[in-house]
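Q: Have a look at this one before I ask anything.
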Amino acid sequence: MLKVYRHYLAALGMVLSCFISTLSQAKSLDSKVVVELLISIDYEGDKIRTTDLEAIRQFQKQYPTIKLIHFMNAAYFTKSWSKDRDEISKRLLSLIRPGDDLGVHIHGWKNFVEASGVTFKSHPRYLGNHLPERFHGERGSDVPLDEYSTREITQMLEFSILELRKRGFPQPTSFRAGGWQSGPKVWSALKRVGILIDSSAVPARLIRNLYPRSLLQKKADSLWSTITEFTKSRQRAGIIEVPNNMGLADYVSAEHFREMARNSLKRSIRNGDNKVLFHYGFHQETARLYLDEVSKVIDWLTSLEKEGKITLLNHSVIEHIKSAGLYKAYEELVADNANRCRRSVRK
Ligand SMILES: [Zn+2]
Numbered sequence: 073m074l075k076v077y078r079h080y081l082a083a084l085g086m087v088l089s090c091f092i093s094t095l096s097q098a099k100s101l102d103s104k105v106v107v108e109l110l111i112s113i114d115y116e117g118d119k120i121r122t123t124d125l126e127a128i129r130q131f132q133k134q135y136p137t138i139k140l141i142h143f144m145n146a147a148y149f150t151k152s153w154s155k156d157r158d159e160i161s162k163r164l165l166s167l168i169r170p171g172d173d174l175g176v177h178i179h180g181w182k183n184f185v186e187a188s189g190v191t192f193k194s195h196p197r198y199l200g201n202h203l204p205e206r207f208h209g210e211r212g213s214d215v216p217l218d219e220y221s222t223r224e225i226t227q228m229l230e231f232s233i234l235e236l237r238k239r240g241f242p243q244p245t246s247f248r249a250g251g252w253q254s255g256p257k258v259w260s261a262l263k264r265v266g267i268l269i270d271s272s273a274v275p276a277r278l279i280r281n282l283y284p285r286s287l288l289q290k291k292a293d294s295l296w297s298t299i300t301e302f303t304k305s306r307q308r309a310g311i312i313e314v315p316n317n318m319g320l321a322d323y324v325s326a327e328h329f330r331e332m333a334r335n336s337l338k339r340s341i342r343n344g345d346n347k348v349l350f351h352y353g354f355h356q357e358t359a360r361l362y363l364d365e366v367s368k369v370i371d372w373l374t375s376l377e378k379e380g381k382i383t384l385l386n387h388s389v390i391e392h393i394k395s396a397g398l399y400k401a402y403e404e405l406v407a408d409n410a411n412r413c414r415r416s417v418r419k
């Protein structure tokens, strides 16, 4: 009897242990969060140094499958020193690989604004005393874009797109404003030129820590007070907003990224939401100094994936919009916008 009882207990134990292991497996599968990683580069339209370009090339060699969103700046072609414009195009184009995206980035540099046919404004400056007025010899890089009228911003966007296309760059599909300063006037101008994805939203808290009591902070507080590291892409004001929710490596170190990412992952598991967006980036002009932070972030996320804690996806902007379930909305916005533009041309 005792023997039978022992067999019974052993069998029950086996059943129970199978049950428990299935449960824990299900729990670990359920709690495995899909991390969607977007990496963008802001091209400031300032200096092109061999050391920065080399740092980007090394990064691309080290991570051949990582897709980049290039927020390209037409101001490189309007600088007083930009004599050999074909050489500049060649150097910048060499950084764009198949699968990468092209977007537009604008800072109000004097030569660029005037080349767009717009009267230059030297004030207000969103960085004020944080930056010399003539940055590398030219003014205007920190004048908020929305200080200009919708018509003037449209002219700057049209100039950027034409200049970039003329020099062999692909058609841009998205936009990021200098200093993350977009807003209603900028969105109207973007619609006029057919760009319906804006990636200017950033957690206002990050700016508050960086440049306290600056116009940049004031503007970020009024535009982006609801944006956090948890914010996902959404449709807003007739545009798809893809937030730069983890900031840029110059301001958010890999360590700071990990802290924000851990919060985001914990929150997502707590809320039963199995998907998070991490949109991080860096500047072309300071790649030699900060691109290493982006590498550390990718290595950390890859190690989490190897440990079975997350599923890591890296997407271009359009792939991301599809994966976020926003592609139908995007297509409808594109069609509505094209109809509206046709109607306004006929009038
Ligand atoms: Zn910028």
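Numbering of the sequence shown is given in our numbering, commencing with residue 73 and proceeding in unit increments.
Note that CB positions come from ideal geometry on N, CA and C, so glycine has one too.
Treat the numbers as computed from the prediction; the structure is a model and nothing was measured.
List in chain order: all unbroken beta strand (DSSP E) runs of 3+ residues lying wholly within the segment 286-335.
A: Whole beta strand (DSSP E) segments, 3+ residues: 306-308 and 311-313.
Q: On the CB-based measure, 16 or more other CB atoms within 10 Å of its CB, does D270 come out buried or exposed?
A: Buried, since its Cβ has 16 or more Cβ neighbours within 10 Å.
Q: Is there at least one non-hydrogen atom of ligand 1 closer than 7 Å to the beta-carbon of E379?
A: No, since every heavy atom of ligand 1 falls outside the 7 Å radius drawn around the Cβ of E379.
Q: According to DSSP, simplified to helix, strand and coil, what is E391?
A: Three-state result, E391: helix.
Q: Going by C-alpha distance, which of P242, V258 and Q243 is nearest A249?
A: Taking only the C-alpha atoms, the option nearest A249 is V258.
Q: Below 8 Å on the Cβ atoms is my contact criterion, and I expect L288 with I279 to pass it. Report the Cβ-Cβ distance as a whole number of Å.
A: With a Cβ gap of about 6 Å, L288 and I279 count as contacting.
Q: Judging by CA-CA distance, which residue of A396, T226, M228 and L385 is the nearest neighbour of K139?
A: Answer by Cα proximity: L385.
Q: For N386, list the residues DSSP reports as bridge partners.
A: DSSP lists L109 as partners of N386.
Q: Taking the C-alpha atoms as reference points, what is the distance between P242 and T358?
A: Looking at the two C-alpha atoms, the distance is approximately 24 Å.
Q: In angstroms, rounded to a whole number, what distance separates the CA positions of E327 and N145?
A: Cα-Cα distance, rounded: 29 Å.
Q: Starting from the Cα of V453, find the closest Cα among W252, K338, S367 and R308 and give me that residue.
A: Any property of residue 453 remains undetermined from this structure, which presents the chain solely from 73 to 419.
Q: Indicate, with yes or no, if ligand 1 has a heavy atom lying under 7 Å from the CB of H387.
A: H387 Cβ: outside cutoff for every heavy atom of ligand 1.
Q: What does the alpha-carbon distance come out to for the pair N409 and E230?
A: Straight-line Cα distance between these residues: approximately 16 Å.
Q: Measuring straight from C-alpha to C-alpha, what distance separates A321 and D371?
A: Cα-Cα distance, rounded: 15 Å.
Q: According to DSSP, simplified to helix, strand and coil, what is L125?
A: Reduced to three states, the DSSP call for L125 is helix.
Q: Classify Q97 as helix, strand or coil using the three-state DSSP reduction.
A: In this prediction, Q97 scores a pLDDT of 38, lower than 50, which makes its location untrustworthy; no coordinate-derived value is stated.
Q: Any chance the segment 180-189 sits against the segment 161-170, with 3 or more Cβ pairs inside 8 Å?
A: Cβ pair count under 8 Å is below three, so no.
Q: Taking the alpha-carbon positions, what's the T298 to F354 distance?
A: Their Cα atoms are separated by approximately 23 Å.
Q: How would you label D293, buried or exposed, when you count the other beta carbons within 10 angstroms and need 16 or more for buried?
A: So D293 ends up on the exposed side.
Q: Roughly how many whole angstroms lie between the Cα atoms of R277 and E301?
A: Rounded to the nearest angstrom, the two C-alpha atoms are 10 Å apart.
Q: Can you check which of these residues, R415, S388, R339 and R239, is closest to R424 by C-alpha distance?
A: Residue numbering for the chain in the displayed model covers 73 to 419; residue 424 lies beyond these limits and cannot be assessed.
Q: Starting from L349, follow the beta strand (DSSP E) in both directions and report where the run begins and ends.
A: From DSSP, the beta strand (DSSP E) with L349 extends over K347 to H355.
Q: Among Y198, K162, Y115 and R308, whose alpha-carbon lies nearest the alpha-carbon of K238?
A: Closest option to K238, Cα to Cα, is K162.
Q: Does DSSP put V176 in a helix, in a strand, or in coil?
A: Reduced to three states, the DSSP call for V176 is strand.
Q: Helix, strand or coil for E159, going by three-state DSSP, please let me know.
A: Note: E159 maps to helix in three-state DSSP.
Q: Let's test the definition: count the other Cβ atoms within 10 Å of the Cβ of L363 and tell me whether it reaches 16, buried, or not, exposed.
A: Buried: at least 16 other Cβ atoms inside 10 Å.
Q: Any heavy atom of ligand 1 inside 7 Å of the beta-carbon of E230?
A: No, ligand 1 has no heavy atom inside 7 Å of this Cβ.
Q: Excluding five sequence neighbours on each side, which residues of the same chain lie with their C-beta closer than 6 Å to the C-beta of C413?
A: Counting only Cβ-Cβ distances below 6 Å, and skipping sequence neighbours, we find nothing.
Q: Quick one: residues with CB closer than 5 Å to any heavy atom of ligand 1, in chain order, please.
A: This criterion selects D114, E116 and G250.
Q: Please determine, among E235, S272 and L234, the residue with the shortest C-alpha to C-alpha distance to L217.
A: Nearest of E235, S272 and L234 to L217, Cα basis: S272.
Q: Looking only at its own chain, which residues have a Cβ that is under 7 Å from the Cβ of Y135, when we skip the five neighbours before and after it?
A: I370.
Q: Report the partner residues of S246 according to the DSSP bridge assignment.
A: Paired residues: G175.
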